[in-house]
Amino acid sequence: MDKTTALGLPPLPGVDSERDAKAVIRRMRMQGCQPDSSTLDVQSFNQLIVAAKDDVVADDAAAKDELIYYRNLLDKVALFHDGIRKISIAFRTSRDDLLPLVPQHCPQFT
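Numbering-wise (my numbering), the sequence shown opens with residue 63 and increments by one.
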């Protein structure tokens, strides 16, 4: 039996990592108000921990979405540059094919 159960208080959810702890502290600072009783304090703290963990999960999901967005953007940029390179090569090849014809048809360039 842990201390909170022995005192008749609801069990506390665990804070598993430093990131969770920082999220709890951030939530505590945002809340700013003081509860009236210790039971209310424990209950509100439990809710605070759950809300902080939800914040961490939401931040992770947002970070993954942002990473996917930028990876897709980089893929599009790479495809664009590849297309430009192919067009440039095709242009140079066609221009090089035409250049030998210019002096024959235009004596002023010889």
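The C-beta atom is built at its ideal place from N, Cα and C for all residues, glycine as well.
In this text, all values refer to a predicted model and were calculated from it rather than measured experimentally.
| Asked | Found |
| --- | --- |
| For residue 117 and residue 83, believed in contact at Cβ under 8 Å, the rounded distance | In fact, because the Cβ distance is near 12 Å, the residues do not count as touching under 8 Å. |
| Whole-angstrom distance between residue 132 and residue 144, CA atom to CA atom | 18 Å |
| Cβ-based burial, residue 114 [other Cβ within 10 Å; buried from 16] | buried |
| Collapsed DSSP secondary structure at residue 145 in the structure displayed | helix |
| Rounded Cβ spacing between residue 75 and residue 130 (contact assumed at less than 8 Å) | Rounded, the Cβ-Cβ distance is 30 Å, inconsistent with contact. |
| Contacting residues, own chain, Cβ-Cβ under 7 Å from residue 81 (five flanking each side not counted) | 118 |
| Length of the line joining the Cα atoms of residue 152 and residue 141 | 16 Å |
| Residue ranges of each beta strand (DSSP E) within the stretch 101-138, 3 or longer | none |
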